[in-house]
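This report refers to the structure that appears directly beneath it.
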Amino acid sequence: MASILDTHTKGQQRDLREEIVAVVDAEELDEARRDPRVRAFVAEADAYLADVERRGRKS
727 MASILDTHTK GQQRDLREEI VAVVDAEELD EARRDPRVRA FVAEADAYLA
777 DVERRGRKS
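Quick note on the numbering used here: the sequence shown kicks off at 727 and runs consecutively.
Below, the structure written as structure tokens:
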């Protein structure tokens, strides 16, 4: 299975993560976070955003 980091642009990844977080309410989010696919996606998105932030600080 391809990673979102391979199949989506940086902007699309950020938008997708924001959409997911906005759509899922707190109860569903707690349940969804137990899903390994959701945890993997959120971890990838968080790592990517942290990397972008670090690179921005270096500039």
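Each residue gets a CB set at the ideal place from its N, CA and C atoms; glycine is no exception.
Would you call residue i buried or exposed, if buried means 16 or more other Cβ atoms sit within 10 Å of its Cβ?
i	result
R743	buried
In whole angstroms, what separates the C-alpha of residue i from that of residue j?
i	j	result
Q738	A771	11 Å
D756	A748	14 Å
P762	R783	31 Å
Y774	D732	12 Å
Can you give me the Cβ contacts of residue i inside the same chain, cut-off strictly under 7 Å, excluding the 5 residues immediately before and after it?
i	result
E753	none
From the DSSP output, in three-state form, read off residue i for me.
i	result
R743	helix
D732	helix
R780	helix
For the ligand GDP, is there a heavy atom less than 8 Å away from the beta-carbon of residue i?
i	result
G782	The ligand GDP is not part of the structure shown, which contains no ligands of any sort.
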